[in-house]
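Peer 1:
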Amino acid sequence: MPHDHHDHLSPSGHPYRPDDDHPLTYWQQMEIAIREILIEKGVTTAAEINAQIDAMDARSPANGAAVVARAWTEPAFRDDLLRDASAASASMGFDIGPMKLIAVENTADVHNVIVCTLCSCYPRNLLGLPPDWYKSRAYRSRTVKEPRKVLAEFGVDLPDHVTVRVHDSTADMRYIVVPARPDGTDGWSADQLAALVTRDSMIGTGLPKDPGAIAQTPR
Amino acid sequence: MSDRRYMRVATHMPPGHVRTPAYLRGKVGWVERTLGPFPNPEELAYGVTAAKLRLMRVRFTMAEVWGPDAEHPDDTIDAEIYAHWLSPTDAPHAT
């Protein structure tokens, strides 16, 4: 057997992961207490809270991909998006809520990447919940200091002539990157293009998928 | 470029809910665009009446923020800084 410590391994040969058993933290208790009081006093209901959680879980990067694909196919919408991304995405049914949205466009000379050094601000209405790494101290501190090295670790190697613009989401604005439309997609529909737009390409830590690797249905 | 509006970020370190990152304090950048006005988050966080302030998107070069340690001096960092943290200043000397 390649493994020495049989006692710590499952029948499949992997180590057991410890159960996540620990007492509620102060803030977890606070959240439960406030939620129960609000329900008891009739301010809200358990059904409303569940509906809101469902609505939050239902948001996904597909929303952002639809916005990007439309910007790629309709120049007037692209201009609207870069001028006022809150209004442009709301016009597609993606209400950004009280927060304001800024769209930044990647070009042949500029690559944008989004970070929130202070916490984890993220355009949830367009991208859903942020990935764990987006909230990590390493990503938040390193992206403003050595963005090229961070991007290279994500597989994005940028030549020297491309300017990197880091956007630190410090206050009221949220950000979405409009990646550059891949070559070889002439004549593609917005729906077909949206399939190329990944979550990471809208954070700036990735690029759209290679169109050659996507099987296109006959048009 | 001479038409840039340069601003220096204040250097003080007040306690509380502050949305000005420490790594940008004392640094000079130029206004990329002006937003708001939005309620001051430093007051909003404590439930007091929050004055509405201009929010500036300020663009800093990596050379300005990190000096000789900059990974690529001409790359930039944009951040949103509330107006009361900013004072007009001259362009930083070329590095």
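Chains as they are written, first to last, in the working numbering: chain A, 959 to 1177; chain B, 438 to 532.
We put the beta carbon where it would ideally sit given N, CA and C, even for glycine.
Quick one: what's got a C-beta closer than 6 Å to residue 447 of chain B's C-beta in the same chain, skipping five residues either side?
Peer 2: One-based indexing of the second sequence puts residue 447 of chain B at position 10. Once the five neighbours on either side are set aside, the close Cβ partners of residue 447 of chain B are 522.
Peer 1: Taking 7 Å as the limit between beta carbons, can you name the residues of its chain near residue 471 of chain B, skipping five residues before and five after?
Peer 2: If you number the second sequence from 1, residue 471 of chain B lands on position 34. So the qualifying residues of the chain are 491 and 493.
Peer 1: What is the residue span of the alpha helix (DSSP H) that residue 968 of chain A lies within?
Peer 2: In the first sequence, the residue the question calls residue 968 of chain A occupies position 10. That residue, residue 968 of chain A, is in no alpha helix (DSSP H); it is neither H nor E in DSSP.
Peer 1: Pairing CB atoms from the region 1093-1110 of chain A with CB atoms from the region 1068-1082 of chain A, are three or more of them under 8 Å?
Peer 2: These segments touch.
Peer 1: Classify residue 1177 of chain A as helix, strand or coil using the three-state DSSP reduction.
Peer 2: Numbered from 1 along the first sequence, position 219 holds the residue referred to as residue 1177 of chain A. Low confidence applies to residue 1177 of chain A: its pLDDT is 47, below 50, so where it sits in the model is not reliable enough to give any reading.
Peer 1: In chain order, what residues of the same chain have a beta carbon less than 7 Å from the beta carbon of residue 1169 of chain A, not counting five sequence neighbours either side?
Peer 2: As a position in the first sequence, residue 1169 of chain A is number 211, starting the count at 1. Here the set comprises 1140, 1142, 1143 and 1154.
Peer 1: Are residue 1125 of chain A and residue 1062 of chain A closer than 8 Å when you measure CB to CB?
Peer 2: Within the first sequence, residue 1125 of chain A is the residue found at index 167, counting from 1. Within the first sequence, residue 1062 of chain A is the residue found at index 104, counting from 1. Cβ atoms of residue 1125 of chain A and residue 1062 of chain A: closer than 8 Å.
Peer 1: For residue 503 of chain B, return the contacting residues in chain A, with the cut-off set at a CB-CB distance below 8 Å.
Peer 2: Indexing the second sequence from 1 puts residue 503 of chain B at position 66. Within 8 Å Cβ-Cβ: 1103.
Peer 1: With a threshold of 16 other CB atoms inside 10 Å of the CB of residue 984 of chain A, please say whether the residue is buried or exposed.
Peer 2: Looking up residue 984 of chain A in the first sequence gives position 26. With fewer than 16 other Cβ atoms within 10 Å, it is exposed.
Peer 1: Distance, Cα to Cα, residue 1115 of chain A vs residue 1127 of chain A?
Peer 2: In the first sequence, the residue the question calls residue 1115 of chain A occupies position 157. In the first sequence, the residue the question calls residue 1127 of chain A occupies position 169. Rounded to the nearest angstrom, the two C-alpha atoms are 23 Å apart.
Peer 1: Spatial neighbours of residue 1101 of chain A within its chain, please: CB distance less than 7 Å, with the 5 preceding and 5 following residues excluded, ordered by chain position.
Peer 2: Working through the first sequence from its first residue, we reach residue 1101 of chain A at position 143. These residues qualify, in order along the chain: 1071, 1073, 1108 and 1124.
Peer 1: If I follow the unbroken alpha helix (DSSP H) through residue 1159 of chain A, where does it start and stop?
Peer 2: Position 201 of the first sequence, counted from the start, is the residue given in the question as residue 1159 of chain A. Where residue 1159 of chain A is concerned, the enclosing alpha helix (DSSP H) stretches over 1157-1161.
Peer 1: Comparing C-alpha positions only, which one of A:1083, A:1078, A:1086 and A:1015 sits nearest to residue 1094 of chain A?
Peer 2: Mapped onto the first sequence, residue 1094 of chain A falls at position 136. Nearest C-alpha to residue 1094 of chain A: A:1078.
Peer 1: In chain order, what residues of the same chain have a beta carbon less than 8 Å from the beta carbon of residue 1085 of chain A, not counting five sequence neighbours either side?
Peer 2: Residue 1085 of chain A sits at position 127 when you count from the first residue of the first sequence. Only 1017, 1018, 1019, 1021, 1022, 1134, 1157, 1160 and 1161 meet the Cβ criterion.
Peer 1: Would you call the CB atoms of residue 1026 of chain A and residue 1117 of chain A closer than 8 Å?
Peer 2: Indexing the first sequence from 1 puts residue 1026 of chain A at position 68. Indexing the first sequence from 1 puts residue 1117 of chain A at position 159. Contact: no.
Peer 1: Closest by CA to residue 1129 of chain A, which one among B:458, B:512, B:449 and B:486?
Peer 2: Working through the first sequence from its first residue, we reach residue 1129 of chain A at position 171. Here the closest residue by C-alpha is B:458.
Peer 1: Since residue 479 of chain B and residue 453 of chain B are thought to touch, with beta carbons under 8 Å apart, how far apart are those beta carbons, to the nearest angstrom?
Peer 2: Position 42 of the second sequence, counted from the first residue, corresponds to residue 479 of chain B. Position 16 of the second sequence, counted from the first residue, corresponds to residue 453 of chain B. Indeed they touch by this definition, with Cβ atoms about 6 Å apart.
Peer 1: When Cβ atoms are compared, which residues of the region 510-531 of chain B fall closer than 9 Å to chain A?
Peer 2: The region 510-531 of chain B vs chain A, Cβ under 9 Å: 511, 512, 513, 514, 515, 516, 517, 518 and 519.
Peer 1: Can you have a look at residue 1146 of chain A and say buried or exposed, based on whether 16 or more other CB atoms are within 10 angstroms of its CB?
Peer 2: One-based indexing of the first sequence puts residue 1146 of chain A at position 188. Buried: at least 16 other Cβ atoms inside 10 Å.
Peer 1: Considering only C-alpha positions, which residue in the set A:1167, A:1034, A:978 and A:1008 is nearest to residue 1113 of chain A?
Peer 2: For this step, residue 1113 of chain A is matched to residue 155 along the first sequence. Per the Cα distances, A:1167.
Peer 1: Which residues share a DSSP beta bridge with residue 516 of chain B?
Peer 2: In the second sequence, counting from the first residue as 1, residue 516 of chain B sits at position 79. Answer is A:1126 and B:495, bridged to residue 516 of chain B.
Peer 1: With a CB to CB cut of under 6 Å and the five nearest residues on each side skipped, what residues in its chain are close to residue 1028 of chain A?
Peer 2: For the purposes of this step, residue 1028 of chain A is taken as the residue at position 70 of the first sequence. Answer for residue 1028 of chain A: 1035 and 1148, listed in chain order.
Peer 1: Mind listing which residues of the region 1104-1138 of chain A have their C-beta closer than 8 Å to chain B's C-betas, in chain order?
Peer 2: Hits within the stretch, in order: 1104, 1105, 1106, 1107, 1118, 1121, 1122, 1123, 1124, 1125, 1126, 1127, 1128, 1129, 1130 and 1131.
Peer 1: I'd like to know if residue 472 of chain B contacts chain A, where contact means its C-beta is closer than 8 Å to some C-beta of that chain.
Peer 2: In the second sequence, counting from the first residue as 1, residue 472 of chain B sits at position 35. Yes, residue 472 of chain B lies at the interface with chain A (some Cβ there is under 8 Å from its Cβ).
Peer 1: For chain B, find out if any of its Cβ atoms is closer than 8 Å to the Cβ of residue 1176 of chain A; answer yes or no.
Peer 2: Numbered from 1 along the first sequence, position 218 holds the residue referred to as residue 1176 of chain A. The predicted position of residue 1176 of chain A is uncertain, since its pLDDT is 48 and thus under 50; a value taken from the coordinates is nonetheless stated next. With 8 Å as the cut-off, residue 1176 of chain A does not count as an interface residue toward chain B.
Peer 1: Within the continuous alpha helix (DSSP H) that includes residue 1091 of chain A, where are the two ends?
Peer 2: The residue you call residue 1091 of chain A lines up with position 133 of the first sequence. 1090-1093 is the extent of the alpha helix (DSSP H) around residue 1091 of chain A.
Peer 1: Among A:1083, A:1042 and A:1057, which one has its Cα closest to the Cα of residue 1010 of chain A?
Peer 2: Taking the first residue of the first sequence as position 1, residue 1010 of chain A is located at position 52. Considering only alpha carbons, the answer is A:1083.
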